[in-house]
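Per the working numbering, the sequence shown starts with residue 49, numbered consecutively. For glycine and all other residues, C-beta sits at the position ideal for the given N, C-alpha and C. I have placed the structure first, in the form of structure tokens, so that the comments after it can refer back to it.
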Amino acid sequence: MNKLTVFAALAVCVLAPIVGNAQMPSIPSFGSKSNATPDLGTSQTGLVKSYVAANKDVLTAQSKMLQALGLKDKAAAAQATADSLGDGATKGNLQDADKVQSDDSKALSDALKAPAGNMDAQSKQIYTQGLISLASGIVKYTGMRKDIDAFKSGLSGASPLQTPKLQTGAYIVTSFPGNLQNLTETMKNAVAFAKSHGIDVPPEATAVI
49 MNKLTVFAAL AVCVLAPIVG NAQMPSIPSF GSKSNATPDL GTSQTGLVKS
99 YVAANKDVLT AQSKMLQALG LKDKAAAAQA TADSLGDGAT KGNLQDADKV
149 QSDDSKALSD ALKAPAGNMD AQSKQIYTQG LISLASGIVK YTGMRKDIDA
199 FKSGLSGASP LQTPKLQTGA YIVTSFPGNL QNLTETMKNA VAFAKSHGID
249 VPPEATAVI
């Protein structure tokens with residue numbers, strides 16, 4: 049064995065343990081859960097779904113109570129709006145539905161203040177169903193608070209490229225407080241009317257006021 053061969057063999061023996069024990073450099077991790085940016089698109093989809101579900105209950109409630117009070121045309125319009133809402137509703141769809149809801153709330157408020165005629169048993173039953181549906185809508189609204197706060201927080205850090213795609217969620221964040229306040233006030237008036245006119249008041253209704 050010549051000297052060159054011996055030297056090469058020794059080099060292999062010396063370097064092998066070093067290579068075998070060497071540690072690969074660590075690769076930094078990105079996007080950890082603690083620092084992850086919230087998926088605002090997904091959050092917006094969830095908000096719209098929840099908002100639509102709450103609004104459908106409210107519009108159905110208004111439809112039933114308006115029907116019970118003899119305002120059949122407005123009752124039909126409210127129910128048609130409720131039926132037209134879907135999970136993929138846009139900002140424009142929600143604005144239109146909220147306008148109908150607001151107009152119906154005023155009509156209902158005026159009707160509740162006016163002297164009521166004799167309501168038959170069927171009308172009273174429909175009114176009670178309206179109270180149940182309104183309570184359901186208020187519960188759904190209230191349950192959105194945490195998601196709305198999270199979306200609002202994420203929205204403040206959204207990039208200029210993201211913002212135009214998040215207008216529906218931004219609208220919900222803006223309209224939510226006033227809507228919930230108005231619905232709670234409507235429920236108080238509706239319950240007071242029911243109690244003074246011999247209409248059954250379900251426990252769901254009193255639980256949200």
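Going by beta carbons, Phe-224 and Ile-257 fall outside the 8 Å limit. In the DSSP assignment, Asp-144 falls within the unbroken alpha helix (DSSP H) covering 139–161. In this structure Ser-91 is in contact with Gly-202, their Cβ atoms being roughly 7 Å apart against a cut-off of 8 Å.
Taken in chain order, the complete alpha helix (DSSP H) segments of 4 residues or longer contained in the stretch 112–140 are 120–132.
About 12 Å separates the beta carbon of Tyr-189 from that of Ala-109, a gap too long to meet the 8 Å contact definition. The count of Cβ pairs closer than 8 Å, one atom from the stretch 151–171 and one from the stretch 230–238, reaches three, so the stretches are in contact. As the crow flies, the alpha-carbon of Ala-242 is around 36 Å from that of Ala-218. In the DSSP annotation of this structure, the continuous segment of the alpha helix (DSSP H) that includes Ala-240 starts and ends at 215–244. Proximity to Leu-142 across Leu-95, Ala-162, His-245, Ala-240 peaks at Leu-95, based on C-alpha coordinates. Between the C-alpha atoms of Gly-246 and Lys-120 there is a straight-line separation of about 22 Å. The continuous stretches of alpha helix (DSSP H) do not include Leu-209, and DSSP gives it neither H nor E. In this structure Gln-177 does not touch Lys-122 by the C-beta definition: roughly 17 Å separates them, more than the 8 Å allowed. Minimum Cα-Cα distance from Gly-226 among the listed residues Pro-251, Val-239, Arg-193 corresponds to Arg-193. Distance between Val-106 and Pro-208, taken at the CA atoms: about 34 Å. Secondary structure at Asn-103: helix, using DSSP grouped into helix, strand and coil. In this structure, DSSP gives Gly-191 a state outside helix and strand, which the three-state scheme calls coil.
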